[in-house]
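Residue numbers (the working numbering), protein chains in the order written: chain A, 3 to 172; chain B, 273 to 397.
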Amino acid sequence: MSSAPNIERLYDDHAAALFAFLLNLLRNDADTQDVMQELFVRLARRPALLDDVRDERGFLLRLGHNLAIDLMRRRSTRDRNYDQLAREPMALFAKSADPDEQMFREKLAEALGELPPDQRAVVHLKLWEKLTFEAIAGTLGISLNTAASRYRYGLDKLRERLRPIYDEIQ
Amino acid sequence: MNSEFENHMQRQPMRDVPPQWRARIMAAAQPKPAPWREWLWPCPQAWAALGAAWVVICVLHFTTPDEPRLAGNSHSETPQTFAILQEQTVIMAQLLGSIDGDEQPAALPVGPKPRSEMARRQLFG
Numbered sequence: 003m004s005s006a007p008n009i010e011r012l013y014d015d016h017a018a019a020l021f022a023f024l025l026n027l028l029r030n031d032a033d034t035q036d037v038m039q040e041l042f043v044r045l046a047r048r049p050a051l052l053d054d055v056r057d058e059r060g061f062l063l064r065l066g067h068n069l070a071i072d073l074m075r076r077r078s079t080r081d082r083n084y085d086q087l088a089r090e091p092m093a094l095f096a097k098s099a100d101p102d103e104q105m106f107r108e109k110l111a112e113a114l115g116e117l118p119p120d121q122r123a124v125v126h127l128k129l130w131e132k133l134t135f136e137a138i139a140g141t142l143g144i145s146l147n148t149a150a151s152r153y154r155y156g157l158d159k160l161r162e163r164l165r166p167i168y169d170e171i172q
Numbered sequence: 273m274n275s276e277f278e279n280h281m282q283r284q285p286m287r288d289v290p291p292q293w294r295a296r297i298m299a300a301a302q303p304k305p306a307p308w309r310e311w312l313w314p315c316p317q318a319w320a321a322l323g324a325a326w327v328v329i330c331v332l333h334f335t336t337p338d339e340p341r342l343a344g345n346s347h348s349e350t351p352q353t354f355a356i357l358q359e360q361t362v363i364m365a366q367l368l369g370s371i372d373g374d375e376q377p378a379a380l381p382v383g384p385k386p387r388s389e390m391a392r393r394q395l396f397g
């Protein structure tokens, strides 16, 4: 497997999904870029990592998730409190011309930030990557039941938090 | 089966990757030359010349004998030179003595006498 053109192809195919997932997890542009760069550097140095991979997207999401968790652990013991950072307002979604939709997106970003990272990761993969619970379990290295329960808990919290605004704009 | 609420959330598009990230990440992912090559890269000719100079120095160092030839010769000639010098000094003293009159040339110091002889003279007169 040749490295350079493959890395470019991998980036073009999967960067958007990785970016959204990592940004939702890390809640910070600089850290998201660091993790994405680390991920592609690793793939460039060891192209054989992808040799037996059937589901590239799933593999890259798992690698990105592991790198993000490592970064959060390192930083949380040093200079950043990720729970606090996750609650800060940040642009997770594209801007909308419709003010109601824009407000919903901002509130949704806030509500996602209030979820524990484990639940946030499952909710993200289910809603925006449209993965099955089985695929989510494989990606995050958890059991099927854990994936399903984390999604249920996360969704209940989002529903509770966003119901008023959701009902308002409907 | 997703609820309407889930579907509504699902329809919210995430932000796009900042376009400038691609170039940065691809540049970082490019294979880099070995560190020693990077270090030498600014002026490889200068480093090559320095290396060649060291090779020449080493070759010269290992092919020349340990003791310089001149030093060895001068060391072996020292007693002869000293004798010649002493003889010339005596001749010069005789010449000077003949000009000045009957003055005998002073005995030239040949060098410090051994301490053992001095000690014997002091003891036995």
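By construction, the Cβ of each residue, glycine as well, lies at the ideal position given by its N, Cα and C atoms.
Can you pull the chain A residues whose beta carbon is under 8 Å from the beta carbon of residue i, in chain order?
i: residue 287(B); result: 21, 22, 25, 93, 94, 95, 96
Can you find a CB in chain B that lies within less than 7 Å of the CB of residue i?
i: residue 43(A); result: yes
i: residue 35(A); result: yes
i: residue 121(A); result: no
i: residue 50(A); result: no
i: residue 161(A); result: yes
i: residue 129(A); result: yes
i: residue 17(A); result: yes
i: residue 149(A); result: no
Just to make sure I have the definition right: I need the residues of chain B whose C-beta is within less than 7 Å of the C-beta of residue i. Which are they?
i: residue 155(A); result: Residues of chain B passing the Cβ test: none, with the nearest at roughly 14 Å.
i: residue 136(A); result: Those within 7 Å of residue 136(A) in chain B number zero; the least Cβ separation is about 17 Å.
i: residue 74(A); result: Ordered by position in chain B, no residue passes the 7 Å Cβ test against residue 74(A), which lies about 20 Å from the chain.
Under 7 Å between beta-carbons, which chain A residues line up against residue i? List them in chain order, please.
i: residue 307(B); result: Here the premise fails: no neighbours, minimum Cβ distance about 15 Å.
Determine the extent of the alpha helix (DSSP H) in which residue i is found, giving its start and end residues.
i: residue 272(B); result: This structure gives no information on residue 272(B), because the portion of chain B shown stretches from 273 to 397.
i: residue 97(A); result: Looking at the DSSP string, residue 97(A) is not in any alpha helix (DSSP H), and its letter there is neither H nor E.
i: residue 169(A); result: 146–171
i: residue 286(B); result: Where residue 286(B) is concerned, there is no enclosing alpha helix (DSSP H), given that its DSSP letter is neither H nor E.
i: residue 33(A); result: 31–47
i: residue 299(B); result: 292–301
i: residue 1(A); result: There is simply no residue 1(A) to check, as chain A begins at 3 and stops at 172 in what is shown.
i: residue 8(A); result: 6–28
i: residue 136(A); result: 135–142
i: residue 55(A); result: No alpha helix (DSSP H) holds residue 55(A); DSSP gives it neither H nor E.
i: residue 119(A); result: 119–129
Quick one: does residue i have its CB under 7 Å from some CB of chain A?
i: residue 334(B); result: no
i: residue 317(B); result: no
For residue i, I'd like the list of residues in its chain whose CB is within less than 7 Å of its CB, leaving aside the five on either flank, ordered along the chain.
i: residue 4(A); result: Interpretation of residue 4(A) is limited by its pLDDT of 46, a score under 50 that renders its predicted location unreliable; the figure taken from the coordinates is listed afterwards. Closer than 7 Å at Cβ, skipping near neighbours: no residue.
i: residue 157(A); result: 125
i: residue 130(A); result: 22
i: residue 92(A); result: 29, 111
i: residue 26(A); result: 94, 114, 122, 126
i: residue 9(A); result: 42, 45, 46
With a threshold of 6 Å on Cβ separation, who are the neighbours of residue i within its own chain once the five nearest residues in sequence on each side are excluded?
i: residue 319(B); result: 312
i: residue 124(A); result: 138, 149, 152, 153
i: residue 163(A); result: 113
Excluding sequence positions up to five away, which residues of its chain have a Cβ less than 8 Å from the Cβ of residue i?
i: residue 66(A); result: 20, 23, 24, 37, 38, 41
i: residue 127(A); result: 23, 63, 133, 137, 138, 141, 142
i: residue 55(A); result: 61
i: residue 159(A); result: 113, 116, 117, 121
i: residue 58(A); result: 12, 15, 16, 52
I want to verify the contact list: residues of chain B whose CB lies under 8 Å from the CB of residue i, in sequence order.
i: residue 9(A); result: 298, 301
i: residue 46(A); result: 301, 302, 303
Along chain B, in chain order, which residues have C-beta atoms closer than 9 Å to that of residue i?
i: residue 69(A); result: In chain order: nothing, as chain B lies at least about 13 Å away.
- Near-chain B residues of the segment 98–109 of chain A - C-beta to any C-beta below 9 Å: 98, 103, 106, 107
- Between the segment 292–307 of chain B and chain A, which residues of the former have a C-beta closer than 8 Å to a C-beta of the latter? 293, 294, 296, 297, 298, 300, 301, 302, 303
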